[in-house]
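Residue numbers (mature numbering (1 follows the signal peptide of the UniProt record, and there is no 0)): -20 to -1, 1 to 426. Ideal Cβ positions, reconstructed from N, Cα and C, are used throughout, including at glycine. One structure is given below, encoded as structure tokens.
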Amino acid sequence: MQYSVVVLPIVTVLIATMQARFRPGEKFAACLVAASEITAEIYKYRTRALDYDEANFRKEGNAANAARQLFTATVSEKYANALVSEVSKGGALRMKGPTNLSLNDEEDTMKLDEAVLSHMRNKLLDNCPRKRKPPTPKLVYETEETPSSQGIGHCRSICSNVEYFFTCCGVLPRPSSCFCRLPGVKRAEQSVAKAAEKVLEEARTAFDDDDDDEEDKPSDRYDDMVTSFSLEDYVDYRTRPMAHHFENVAPKLSKVLQLLELLAILSTSSAAILGIFRLPDWVALPIAISTFFSALIAYFNLYQRTAVCNAAVKDLHGLLTKWEGLSLVNRRTRQMKAEAVDITESSYIAVIIAKCGGLGSSKSNDDGDDGDEEDGKKGGGDGGEAPAPAHAPSWNACPKCGYDGSGGGGTVGQQMMGNAAIATAAVGGSSRVASNGISAAVATVP
């Protein structure tokens, strides 16, 4: 106890100093939020929804080109903001080679596609389950008869029919016994069994080919993470797996939160019990343990993460319920596409921000400091413009609840954190623009 009183403060100060100096949490949050925002923009662009709806660019003539310009500008801005954030202060991103790959080279394109698929499944989607093509079921002859036994059965059935014919005619009393004694009958029976087995194998092969053709039809809708797809594919390969993932995450967060709260309560109660038994020297230990559990809850932001995850489950379930009740025509409207993509991506971003504890931001802290100084000047009555309304969320604001870490409120309608201006330079090729954006996301997360 005497040494612990001296060692614990030293260790605590050392850890706090290292955390303040290297800022690992802020760097992780900046990279994760930026990668998640780029992922959301990629799905918006692939579905041509919200800001990337080609109907918004009809006045500009080439709607597809204008949508590509907006997408590249937005992704570039988010990637640049991640680089100038906490990552640039004493750290650097570890590039894994996406800048050295050329989309004009077929081999490099295959490498990039494999890296994108692996990265999306393992990191950006947070191990979110994907719909896959079901494996072809194998025929197992455990309880059924084998092909050879089936052929022998057919042969014996023929013999029994011949036996019945001869018996009815009165020609032979028991022809089956006579046939079975003949040496050629056994060879004929084996040859018939082999022929029957061959016929069954050919029929089974043809049947499997038909099944493979039928199974290959829905495989054309598999999400390759690059090309554009319809709203039906978006719901099947993005919304439903995400809802399933949040359904599994929310109970786990709730159990961890309840367990830590229970341990903190028991530790505090044990301190009172030690005081009753006149053991004041040991009272500090359960108090320290209780403080440790409370600090874990605050550090991992379990309260907000649980609330936001439950809200995401509620929103996604409501979206899927509405989706199942719509007709095929109503599902393909622009309003439904915008609503489905907005709810799904907003829920995803909200959960990521809650996971980071509000540390991640799409904008650098330097810009935020400059904004605070400008707000101070405006609020000082120097004749500047009026301050922003209280309900306008900041760049740090949670898109679901509007919480920005400063105690201010926000509106649910402002669900995404800022929009970028349209770029002036055109980018050629539409099928690989999303791949360029994903490569930026691959380089964003260390």
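Same chain, Cβ closer than 8 angstroms to residue i, five either side skipped, listed in chain order
{"i": "Glu21", "result": "Phe51, Thr54, Val55, Lys58 and Gly417"}
{"i": "Leu254", "result": "Pro260, Trp262, Val263 and Pro266"}
{"i": "Glu40", "result": "Ala46"}
{"i": "Glu353", "result": "Legend: pLDDT at Glu353 = 44, less than 50; position of this residue unreliable, value from coordinates given subsequently. Closer than 8 angstroms at Cβ, skipping near neighbours: no residue."}
Selected residue, minimal CA-CA separation from residue i, among the options
{"i": "Trp262", "options": "Ser247, Leu300 and Arg26", "result": "Ser247"}
{"i": "Ile267", "options": "Phe257, Leu243 and Phe280", "result": "Leu243"}
{"i": "Arg218", "options": "Leu237, Ile245 and Ile323", "result": "Ile323"}
{"i": "Ser68", "options": "Cys11, Glu86 and Tyr23", "result": "Cys11"}
{"i": "Asp213", "options": "Lys317, His99 and Ser327", "result": "Lys317"}
{"i": "Val229", "options": "Arg74, Leu282 and Gly255", "result": "Leu282"}
{"i": "Tyr25", "options": "Phe209, Val236 and Ile269", "result": "Phe209"}
{"i": "Leu237", "options": "Ser274, Met90 and Ile(-11)", "result": "Ser274"}
{"i": "His297", "options": "Asp33, Ala60 and His224", "result": "His224"}
{"i": "residue 466", "options": "Met90, Thr27 and Arg48", "result": "Absent from the structure is residue 466, since the part of the chain shown begins at -20 and ends at 426."}
{"i": "Ala9", "options": "Asn61, Ala251 and Thr301", "result": "Asn61"}
{"i": "Ile332", "options": "Val(-15), Met222 and Asp85", "result": "Met222"}
{"i": "Asp203", "options": "Phe257, Ala173, Glu94 and Val(-8)", "result": "Glu94"}
{"i": "Ala72", "options": "Val(-10), Arg3 and Gln49", "result": "Arg3"}
{"i": "Arg48", "options": "Phe272, Ile256, Thr207 and Ala278", "result": "Thr207"}
{"i": "Asp216", "options": "Leu299, Lys178, Gln170 and Tyr279", "result": "Leu299"}
Distance, residue j Cα to residue i Cα
{"i": "Ser249", "j": "Val321", "result": "48 angstroms"}
{"i": "Asp88", "j": "Ala29", "result": "30 angstroms"}
{"i": "Glu319", "j": "Lys335", "result": "24 angstroms"}
{"i": "Asp31", "j": "Thr19", "result": "15 angstroms"}
{"i": "Pro198", "j": "Gly337", "result": "A caution first: Pro198 carries a pLDDT of 43, below 50, which makes its placement in the model unreliable, though a value can still be read off. Cα-Cα distance, rounded: 40 angstroms."}
{"i": "Gly70", "j": "Ala14", "result": "18 angstroms"}
{"i": "Arg220", "j": "Cys289", "result": "15 angstroms"}
{"i": "Ala35", "j": "Ala43", "result": "7 angstroms"}
{"i": "Cys149", "j": "Glu182", "result": "Low confidence applies here, because Cys149 scores a pLDDT of 47, under 50, leaving its location unreliable; read the following figure in that light. Cys149 and Glu182: Cα-Cα distance of roughly 39 angstroms."}
{"i": "Arg38", "j": "Leu306", "result": "28 angstroms"}
{"i": "Arg74", "j": "Pro(-12)", "result": "35 angstroms"}
{"i": "Phe257", "j": "His99", "result": "57 angstroms"}
{"i": "Tyr279", "j": "Ile245", "result": "18 angstroms"}
{"i": "Val(-10)", "j": "Gln284", "result": "29 angstroms"}
{"i": "Phe(-5)", "j": "Pro231", "result": "A quick correction: the sequence has Ala, not Phe, at residue -5. If I take the Cα positions, the gap works out to 32 angstroms."}
{"i": "Val(-15)", "j": "Leu(-7)", "result": "13 angstroms"}
Beta carbon of residue i nearer than 8 angstroms to that of residue j
{"i": "Trp303", "j": "Arg311", "result": "yes"}
{"i": "Phe226", "j": "Ala330", "result": "no"}
{"i": "Glu66", "j": "Glu17", "result": "no"}
{"i": "Asp295", "j": "Ser327", "result": "yes"}
{"i": "Leu239", "j": "Leu276", "result": "no"}
{"i": "Tyr(-18)", "j": "Glu325", "result": "no"}
Minimum Cβ-Cβ distance from residue i to chain D less than 8 angstroms
{"i": "Ile269", "result": "In the structure shown, chain D does not exist; there is a single protein chain."}
Contacting residues, own chain, Cβ-Cβ under 6 angstroms from residue i (five flanking each side not counted)
{"i": "Ser234", "result": "Thr286"}
{"i": "Ala(-1)", "result": "none"}
{"i": "residue 434", "result": "Residue 434 is absent from the model: the chain starts at -20 and stops at 426."}
Contact set for residue i: own chain, Cβ-Cβ below 7 angstroms, skip 5 residues either direction
{"i": "Leu97", "result": "Met205"}
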